[in-house]
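These notes are about the structure you will find just below.
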Amino acid sequence: MHNKADIIVIGAGLMGLSSAYYLSKKGLRVLVAEQGPGILDGSSGATDGYIMHNSKMPGYHSQIGCLGSDMYPGLLAELGDNCDYEPDCGGYLICEDDRTFAAMCPIVEKQRAGGMDIQMIDGYELRQLEPELSPHLRGATYTPGSSKVEPIKLGCAMARSGKRQGVQFIFNAPVTEVLVEKGRAAGVRTPAGVYYADHVVNAAGSWAGIVAEAAGLYAPVKPRRGQIVVTEAVAPMIRGVMTSAGFMAMKFYPDMLDCFSEQSKKLGHGFAIEQTNEGTILLSFTNEFAGFDKSTTMEAIELLIKEACKFVPGLRDMHFIRTFAGFRPYTPDNLPMIGPTTHLEGFYFAAGHEGGGLALTPITGLLISEIICGEEPSITWQPLAPDRLVKPLAG
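Position 241, counted from 1, in the sequence shown is what this note's numbering calls 226; the numbers after and before it change by one each time, with no gaps.
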């Protein structure tokens, strides 16, 4: 193990692994420093496999999300692993009532105007596509091009390919200090040793704010706990990926907050469901500010199951076999930070993706590699520039 690299990537989650893969693909020597005992030990190891288009806000967020989604076939071919990728399985934002359906119609028109392949479908059309859904549902926004992938298999495939390209990993190595020489990031100090590089990438997910502090910076990234319930394996029931439309509608119409129970508001709860290739069904999601507490709670699990059974009545006949929780890296404007900061030369962010990170995994790594190598970016990263949120630490 050499203590000098071209790039140090902090974090071996999906964003760190994607950054390391694309950087090493360009011939750069990359060292990944991970605080845990292995890859995907944080947020990325406790997430679902949604690659959804219709959950992205109209405009730039939709554009970069669709670009990232469209990269998957080529990326997986390069990696030599399908990673349980299922293209064009369909994505749905489910509207339970007339009010939500009406609220989503103008949002969908804006998404269509931005080039997204999306449409409103009524309850009958919805059940033609997904027969197991409840007859009381009013309809949905539908994107036929939404897909899903197995995130752990994806991360492992990127790590394997990165290693073949020369990427080195150090584990149990939390960054305690970002070394600064002449106003420039020059390496990191960890319990495993001191390592030097010309560039340092903060891809630490929910811990990105802590890593920023080690560099003398303030970055408002916080963990939001997402709890998930897993069923026994069953025959195919749900083909697409789906979540409730209420939270999307509320971003445009804050008065719709009264649609949610106090319990749902407290837990940041919304309905989401996906069936894996193995047959298990994942029920999620919560978005709770609970610090770095990864425990699950009876209150949240009972709510997830109760609400999911309203949407998919057949779940009432299944066994729920386990629960788990992970963190979603939150930023105040709900957008990730990608690119350099002017407050510390040679220091970059690839963090803050919260719940939509899987669609952005390929494009995040590609952009980081293009920015560091001085290449023309595949899409402008300026709306995600870290300095909209990042500041030097006071004092």
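Beta carbons: idealized from backbone N, C-alpha and C, even for Gly.
Worksheet item: If you check the beta carbons only, do Val219 and Gly264 fall under 8 angstroms apart?
Response: Working through the sequence shown from its first residue, we reach residue 219 at position 234. Working through the sequence shown from its first residue, we reach residue 264 at position 279. Yes. Within cutoff.
Worksheet entry | Other residues of its chain near Leu320: CB distance less than 8 angstroms, five sequence neighbours each side excluded | For the purposes of this step, residue 320 is taken as the residue at position 335 of the sequence shown. Closer than 8 angstroms at the Cβ level, and outside the excluded window around Leu320, lie His46, Gly337, Pro368 and Leu369.
Worksheet item: Does the Cβ-Cβ distance between Leu122 and Phe296 come in under 8 angstroms?
Response: Along the sequence shown, one-based indexing puts residue 122 at 137. Along the sequence shown, one-based indexing puts residue 296 at 311. Cβ distance < 8 angstroms, so Leu122 and Phe296 count as in contact.
Discussion item. Quick check on this structure: which residue in Thr228, Gly(-4), Ser28 and Ile92 has the alpha carbon closest to the alpha carbon of Pro159?
Written reply: As a first step, residue 159 is located in the sequence shown; it is residue number 174 there, counting from the start. That would be Gly(-4), whose Cα lies nearest to the Cα of Pro159.
Worksheet item: Between the beta-carbon of Ala257 and the beta-carbon of Thr281, is there less than 8 angstroms?
Response: Taking the sequence shown and counting its residues from 1, one reaches residue 257 at position 272. Taking the sequence shown and counting its residues from 1, one reaches residue 281 at position 296. Against a cut-off of 8 angstroms, the Cβ pair of Thr281 and Ala257 comes out as no contact.
Item to complete: Have a look at the DSSP bridge pairing and note the partners of Gln104.
Response: As a first step, residue 104 must be located in the sequence shown, where it is residue number 119. Gln104 is bridged by DSSP to Tyr127.
Worksheet item: Helix, strand or coil: which one does DSSP assign to Gln96?
Response: Taking the sequence shown and counting its residues from 1, the one referred to as residue 96 is at position 111. DSSP, read as helix, strand or coil, puts Gln96 in helix.
Practice prompt. Please determine, among Pro377, Thr365, Gly359 and Gly342, the residue with the shortest C-alpha to C-alpha distance to Asp33.
Written response: Taking the first residue of the sequence shown as position 1, residue 33 is located at position 48. Of the listed residues, the one whose Cα sits closest to Asp33 is Gly342.
Worksheet item: Going by alpha carbons, who is nearest to Glu115 out of Gly75, Glu135 and Glu217?
Response: As a first step, residue 115 is located in the sequence shown; it is residue number 130 there, counting from the start. Measuring from the Cα of Glu115, the nearest candidate turns out to be Gly75.
Fill in: Met233 to Glu166 span [Cα, whole Å]
Translated into the one-based positions of the sequence shown, residue 233 becomes position 248. Translated into the one-based positions of the sequence shown, residue 166 becomes position 181. Taking the straight line from one Cα to the other gives about 45 angstroms.
Worksheet item: In the structure shown, what three-state DSSP assignment does Gly194 receive?
Response: Position 209 of the sequence shown holds residue 194. Three-state result, Gly194: helix.
Worksheet item: Where does Ile306 fall in DSSP's three states?
Response: In the sequence shown, the residue the question calls residue 306 occupies position 321. Looking at Ile306 - three-state DSSP - the assignment turns out to be strand.
Discussion item. So if DSSP puts Leu288 in a beta bridge, which residue, or which two residues, is it bridged to?
Written reply: In the sequence shown, counting from the first residue as 1, residue 288 sits at position 303. Bridge partners of Leu288: none, in fact.
Fill in: Separation of Glu287 from Arg210, as counted between CA atoms
The residue given as residue 210 occupies position 225 in the sequence shown. The residue given as residue 287 occupies position 302 in the sequence shown. Computed Cα separation, rounded: 16 angstroms.
Discussion item. Taking only three categories from DSSP, how would you classify Asp26?
Written reply: The count along the sequence shown starts at 1 and reaches residue 26 at position 41. Coil.
Worksheet item: Whose C-beta lies closer than 6 angstroms to the C-beta of Leu19 among residues of the same chain, with five residues either side of it excluded?
Response: Stepping through the sequence shown from its first residue, residue 19 is reached at position 34. The sequence given here has Glu at residue 19, not Leu. Within the same chain, Glu19 has close Cβ partners Ala(-3) and Phe156.
Discussion item. Run through the DSSP bridge pairs and tell me what Gly76 is partnered with.
Written reply: In the sequence shown, the residue the question calls residue 76 occupies position 91. Beta-bridge partners assigned by DSSP to Gly76: Thr128 and Val226.
Worksheet item: What residue from Gly178, Ala204 and Tyr77 has the CA that sits closest to Asn390's CA?
Response: Residue 390 lies beyond the residue range present for the chain, which begins at -14 and ends at 380; the question has no answer from this structure.
Worksheet item: Taking the DSSP output, what are the residues bridged to Leu268?
Response: In the sequence shown, the residue the question calls residue 268 occupies position 283. DSSP, once it has assigned bridges, lists Val214 and Ile258 as partnering Leu268.
Fill in: Same chain, Cβ closer than 7 angstroms to Ser3, five either side skipped, listed in chain order
Stepping through the sequence shown from its first residue, residue 3 is reached at position 18. Excluding sequence neighbours, Ser3 sits near Met143, Thr346, Pro347, Thr349 and Gly350.
Worksheet item: Smallest Cα separation from Leu289: which of Leu268, Val375 and Gly100?
Response: Against the sequence shown, residue 289 aligns to sequence position 304. Here the closest residue by C-alpha is Leu268.
Discussion item. Can you confirm whether the region 56 to 74 touches the region 127 to 139 when touching is taken to mean that 3 or more C-beta pairs between the two stretches lie within less than 8 angstroms?
Written reply: yes
Discussion item. Helix, strand or coil, according to DSSP, for Ala177 in the structure here?
Written reply: By 1-based counting over the sequence shown, the position of residue 177 is 192. Ala177: coil per DSSP, three-state reduction.
Discussion item. Using a 10 Å radius around the Cβ and a threshold of 16 neighbouring Cβ atoms, would you call Arg301 buried or exposed?
Written reply: Position 316 of the sequence shown holds residue 301. Burial call: exposed.
Discussion item. Assuming Ala170 and Ala197 are in contact, meaning their beta carbons sit under 8 angstroms apart, how far apart are those beta carbons, in whole angstroms?
Written reply: For the purposes of this step, residue 170 is taken as the residue at position 185 of the sequence shown. For the purposes of this step, residue 197 is taken as the residue at position 212 of the sequence shown. Cβ-Cβ separation between Ala170 and Ala197: approximately 11 angstroms, too far for a contact (criterion under 8 angstroms).
Discussion item. Please give me, in chain order, every unbroken run of the beta strand (DSSP E) with length at least 3 that falls completely inside the region 309 to 356.
Written reply: 322 to 325 and 332 to 336
Item to complete: Tell me whether Glu339 is buried or exposed, calling it buried when 16 or more other Cβ atoms sit within 10 Å of its Cβ.
Response: One-based indexing of the sequence shown puts residue 339 at position 354. By the neighbour-count rule (16 or more Cβ atoms within 10 Å), Glu339 is buried.
Fill in: Identity of the residue in Arg145, Ala98 and Leu13 nearest Met42 by Cα
On the sequence shown, residue 42 is found 57 positions in, with the first residue counted as 1. Selected option, being the one with the closest Cα: Ala98.
Worksheet item: Who does His184 pair with in a DSSP beta bridge?
Response: As a position in the sequence shown, residue 184 is number 199, starting the count at 1. Per DSSP, Ile(-8).
Worksheet entry | Option nearest Leu202 by Cα separation, candidates Val163, Pro176 and Ser29 | Taking the sequence shown and counting its residues from 1, the one referred to as residue 202 is at position 217. The candidate whose alpha carbon is nearest that of Leu202 is Val163.
Discussion item. Quick check on the burial criterion: 16 or more other C-beta atoms within 10 angstroms. Buried or exposed for Asn(-12)?
Written reply: By 1-based counting over the sequence shown, the position of residue -12 is 3. Asn(-12) should be labelled exposed.
Discussion item. How far does the alpha helix (DSSP H) with Glu63 in it extend, from its first residue to its last?
Written reply: Here residue 63 is taken as the residue at index 78 of the sequence shown, counted from 1. Start and end: Tyr57 to Leu64.
Worksheet item: Around the C-beta of His322, are 16 or more other C-beta atoms found within 10 angstroms, so that it is buried, or is it exposed?
Response: Locating residue 322 in the sequence shown gives position 337, counting from the first residue. A quick correction: the sequence has Met, not His, at residue 322. Flag for Met322 reads buried.
Fill in: Rounded straight-line distance, which links the Cα of Ala87 to that of Ala344
As a first step, residue 344 must be located in the sequence shown, where it is residue number 359. As a first step, residue 87 must be located in the sequence shown, where it is residue number 102. Going by the C-alpha atoms only, they are around 27 angstroms apart.
Fill in: Collapsed DSSP secondary structure at Lys10 in the structure displayed
Reading the sequence shown from its first residue, position 25 is the one you call residue 10. Note: Lys10 maps to helix in three-state DSSP.
Item to complete: State the start and end residues of the unbroken alpha helix (DSSP H) segment that holds Ile137.
Response: Mapped onto the sequence shown, residue 137 falls at position 152. Taken as a continuous stretch (DSSP letters only), the alpha helix (DSSP H) holding Ile137 covers Pro136 to Arg149.
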